[in-house]
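J.: Numbering-wise, the numbering used here puts 547 at position 384 of the sequence shown, and it's gapless, one number per residue.
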Amino acid sequence: MKRRDFLKRLTGLSILAVIGSRVSSVLTPYDAYAQSSTPEWPMFRQNVNHTGFTSKTGKITGPNIKWRFGVGGDVEPSAAVGDINGDGQTEVVISCFNGNISAVRGGPNSGLVTNPLWTFKANALVWSSPAIADVDGDGQMEVVVGSDDQNVYVLNGATGAVKWAFPTAAKVRSSPTIADIDGDGRLEIVIGSAKIYALDARNQKQKWAFPLQTTTFSSAAVADIDGDGQMEVVVGSYDNTLYALRGSSGTQKWIFFSGIQIESSPAIADIDGDGQLEIVVGVGSINADGRAKGVYTLRGSSGQVKWSYNIGADQRVISSPAIGDVDGDGELEVVIGTNVSRLFVFAGKGNGSQAVIKYTHDAGNFIESSPAIGDIDGDGKMEIVVGSHDFHLYSLEPVVGQQKLRVEWSYEPPAANIFFSSPTLADVDGDGNLEILIGNNNGDLYVVSGT
Numbered sequence: 164m165k166r167r168d169f170l171k172r173l174t175g176l177s178i179l180a181v182i183g184s185r186v187s188s189v190l191t192p193y194d195a196y197a198q199s200s201t202p203e204w205p206m207f208r209q210n211v212n213h214t215g216f217t218s219k220t221g222k223i224t225g226p227n228i229k230w231r232f233g234v235g236g237d238v239e240p241s242a243a244v245g246d247i248n249g250d251g252q253t254e255v256v257i258s259c260f261n262g263n264i265s266a267v268r269g270g271p272n273s274g275l276v277t278n279p280l281w282t283f284k285a286n287a288l289v290w291s292s293p294a295i296a297d298v299d300g301d302g303q304m305e306v307v308v309g310s311d312d313q314n315v316y317v318l319n320g321a322t323g324a325v326k327w328a329f330p331t332a333a334k335v336r337s338s339p340t341i342a343d344i345d346g347d348g349r350l351e352i353v354i355g356s357a358k359i360y361a362l363d364a365r366n367q368k369q370k371w372a373f374p375l376q377t378t379t380f381s382s383a384a385v386a387d388i389d390g391d392g393q394m395e396v397v398v399g400s401y402d403n404t405l406y407a408l409r410g411s412s413g414t415q416k417w418i419f420f421s422g423i424q425i426e427s428s429p430a431i432a433d434i435d436g437d438g439q440l441e442i443v444v445g446v447g448s449i450n451a452d453g454r455a456k457g458v459y460t461l462r463g464s465s466g467q468v469k470w471s472y473n474i475g476a477d478q479r480v481i482s483s484p485a486i487g488d489v490d491g492d493g494e495l496e497v498v499i500g501t502n503v504s505r506l507f508v509f510a511g512k513g514n515g516s517q518a519v520i521k522y523t524h525d526a527g528n529f530i531e532s533s534p535a536i537g538d539i540d541g542d543g544k545m546e547i548v549v550g551s552h553d554f555h556l557y558s559l560e561p562v563v564g565q566q567k568l569r570v571e572w573s574y575e576p577p578a579a580n581i582f583f584s585s586p587t588l589a590d591v592d593g594d595g596n597l598e599i600l601i602g603n604n605n606g607d608l609y610v611v612s613g614t
């Protein structure tokens, strides 16, 4: 499959940027503003489709820790990477459970970094992963993040000062997604709490809100899922439901009732090559009808199940899926962790209503981290990077014909704790090569480099 065709399937839209169009590219929504520098990894799961995929490459052949940053609390959110202050250099933004949101220069750094560019402290823990974008159209980058103090914060990228705070009246554990969801040529902030909100940062007001029956951890993915020329917002909730909402109004297009809480964030792509977008999401254990499920693939047009996989009773899937061609066969795969301590790679096409397992990896404990896909060592093959509750960060590669993933390398920090955080793959120091960034519950953010 040609690279252009592959990326078109991955994003569901043309990869060509058309400045001023409604959405230039789902993969890089910032192109609509003709910004000079698109962030390396601007939000949770990299893009508004939440595929967790990057086409950039690295030279990482082992766990060389280039630097680490002591965040000050459990680091379960994921890092965002981009030039947030307009100095032409890349910064890393990370949040943590002690309420700190910190910006750190991407390089040159070594050892333990103790001098962040800035730190903003919320009034409660922060589970939300930050996002980077020029959300108010002033030509400057902002950092957007939610907090358990019941606020969504829009911070000045250069200073960390609060530009605007939106009160939600409930904890905000969802991560923000930044996209033009209504076709007005402006970016909106989409984030979940006890409601799903679409926020207009230019006017500092709510565009719409969709009420949930309870709060959500799931973060919204955005795409034109049914081909009607309009954007939809897709998000899960603790009320056992996956919602597809109209981006223009926040009204419900369809729902999928899973019968169990959905903490996983959906990913959107044409995973089976039929020209239509699918939605992939993980769910908890036992459905209301008594059937245990772990992973669902749904038709974007209707929410009907295409295929699903049962991970077993009393188990759950918190991990969010990544989508990419991990074995170079020209077809997309779905990669997701589970609480049976196994990472699964499914064939995107499935077999009718049945899931097709292509590869697996068994860790020593839960895999609640969401995997990332990229060629991190520059060998022309994709790797899967993921953390585990067994205290290890893994780089995995498929062994074609053996239905297993080979551990290329793994890393356990000296002050070992769980890796709940999901990896970010980005060039943080401007050398043209990817680094891996991941938080650990020992309070550190680690940056893994090839040199």
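From the three backbone atoms N, C-alpha and C, an ideal C-beta is built for every residue, glycine too.
1. At which residues does the beta strand (DSSP E) containing D607 begin and terminate?
2. Residues in its own chain within less than 7 Å of W417 by CB, not counting five upstream and five downstream?
3. In terms of alpha-carbon separation, which member of N272, T253, A342, V497 lies closest to P561?
4. Taking the CB atoms as reference points, tell me whether S241 and G602 lie closer together than 9 Å.
5. Are V446 and Q424 touching if we call contact CB-CB under 9 Å?
6. The beta strand (DSSP E) that contains N604, what's its start and end?
7. Give me the DSSP bridge partner(s) of T220.
8. What is the rounded straight-line gap between the Cα of P619 and the Cα of D312?
9. Where in the segment 223-300 do unbroken runs of the beta strand (DSSP E), each at least 3 residues long, occur, reported from the N-terminal end onward?
10. Rounded to the nearest angstrom, what separates V687 and R208 at their Cα positions?
11. Kindly identify the DSSP beta-bridge partner or partners of A589.
12. Do you know how far the Cα of R409 is from the Cα of Q415?
13. Could you check if D590 is buried or exposed, using at least 16 other CB atoms within 10 Å of its CB as the buried criterion?
14. Inspect the beta-carbon positions of A383 and G422 and report whether they are closer than 9 Å.
15. For I481 and S427, what's the separation of their Cα atoms in angstroms?
16. Let me know the beta strand (DSSP E) ranges lying completely inside the segment 471-515, each 3 residues or longer, listed in chain order.
17. Mind checking which residues open and close the beta strand (DSSP E) that includes L408?
18. So is K326 buried or exposed if we call it buried at 16+ other beta carbons inside 10 Å?
19. Determine the direct distance from the alpha carbon of P576 to that of N604, and round the result to whole angstroms.
20. How long is the line joining the alpha carbons of V611 and G221, rounded to whole angstroms?
21. Mark F216 as exposed unless 16 or more other C-beta atoms lie within 10 angstroms of its C-beta, in which case mark it buried.
22. In this structure, how does DSSP classify A197 when only helix, strand and coil are distinguished?
23. Count the other CB atoms within 10 Å of the CB of F260; is the residue buried (16 or more) or exposed (fewer)?
24. Is the separation between the beta-carbon of T377 and that of Y401 shorter than 9 Å?
25. Residues bridged to E575 by DSSP?
T.: Let me spell this out:
1. Here residue 607 is taken as the residue at index 444 of the sequence shown, counted from 1. Run containing D607: 607-612, per the beta strand (DSSP E) assignment.
2. Along the sequence shown, read from residue 1 onward, the residue named residue 417 stands at position 254. So the list reads A407, S465, G466, once near-sequence residues are dropped.
3. Residue 561 sits at position 398 when you count from the first residue of the sequence shown. With respect to the C-alpha of P561, the residue from N272, T253, A342, V497 having the closest C-alpha is V497.
4. Translated into positions along the sequence shown, residue 241 becomes position 78. Translated into positions along the sequence shown, residue 602 becomes position 439. In contact: S241 and G602 (Cβ atoms closer than 9 Å).
5. Sequence index remark: in the sequence shown, residue 446 carries index 283 (1-based). Sequence index remark: in the sequence shown, residue 424 carries index 261 (1-based). Against a cut-off of 9 Å, the Cβ pair of Q424 and V446 comes out as a contact.
6. Taking the sequence shown and counting its residues from 1, one reaches residue 604 at position 441. Per DSSP, N604 lies in no beta strand (DSSP E) and is assigned neither H nor E.
7. By 1-based counting over the sequence shown, the position of residue 220 is 57. DSSP, once it has assigned bridges, lists D538 as partnering T220.
8. There is simply no residue 619 to check, as the chain begins at 164 and stops at 614 in what is shown.
9. Here the runs fully enclosed are 227-233, 243-245, 254-258, 263-268, 274-276, 281-284, 294-296.
10. Residue 687 cannot be examined here, being either before or after the span of the chain that is shown, 164 to 614.
11. Taking the sequence shown and counting its residues from 1, one reaches residue 589 at position 426. Note: A589 sits in a beta bridge opposite E598.
12. Residue 415 sits at position 252 when you count from the first residue of the sequence shown. Residue 409 sits at position 246 when you count from the first residue of the sequence shown. In this structure, the straight-line span from the alpha carbon of Q415 to that of R409 is close to 6 Å.
13. Indexing the sequence shown from 1 puts residue 590 at position 427. Answer is buried; the Cβ neighbour count reaches 16.
14. Here residue 383 refers to the residue found at position 220 when the sequence shown is read from its first residue. Here residue 422 refers to the residue found at position 259 when the sequence shown is read from its first residue. It is not a contact, given that the beta carbons lie outside the stated cut-off.
15. Here residue 481 corresponds to residue number 318 of the sequence shown, with the count starting at 1. Here residue 427 corresponds to residue number 264 of the sequence shown, with the count starting at 1. Cα to Cα, I481 sits roughly 5 Å from S427.
16. Qualifying beta strand (DSSP E) stretches, in chain order: 485-487, 496-500, 505-510.
17. Taking the first residue of the sequence shown as position 1, residue 408 is located at position 245. Judged by DSSP secondary structure, L408 falls within the beta strand (DSSP E) whose first and last residues are 404-409.
18. Residue mapping note: residue 326 aligns to position 163 of the sequence shown, counting from 1. K326 comes out buried.
19. Locating residue 604 in the sequence shown gives position 441, where the first residue counts as 1. Locating residue 576 in the sequence shown gives position 413, where the first residue counts as 1. Approximately 11 Å between the Cα atoms of the pair.
20. Translated into positions along the sequence shown, residue 611 becomes position 448. Translated into positions along the sequence shown, residue 221 becomes position 58. If you take the alpha carbons of V611 and G221, they lie about 11 Å apart.
21. Counting from 1 along the sequence shown, the entry for residue 216 is found at position 53. By the neighbour-count criterion, in which 16 or more other beta carbons inside 10 Å mark a residue as buried, F216 falls on the buried side.
22. Position 34 of the sequence shown, counting from 1, holds the residue named residue 197. The predicted position of A197 is uncertain, since its pLDDT is 36 and thus under 50; a value taken from the coordinates is nonetheless stated next. If DSSP states are grouped into helix, strand and coil, A197 belongs with coil.
23. Here residue 260 corresponds to residue number 97 of the sequence shown, with the count starting at 1. Residue burial annotation: F260 is buried, with at least 16 other C-beta atoms found within 10 angstroms of its C-beta.
24. Position 214 of the sequence shown, counted from the first residue, corresponds to residue 377. Position 238 of the sequence shown, counted from the first residue, corresponds to residue 401. It is a contact, given that the beta carbons lie within the stated cut-off.
25. Position 412 of the sequence shown, counted from the start, is the residue given in the question as residue 575. Beta-bridge partners of E575 (DSSP): none assigned.
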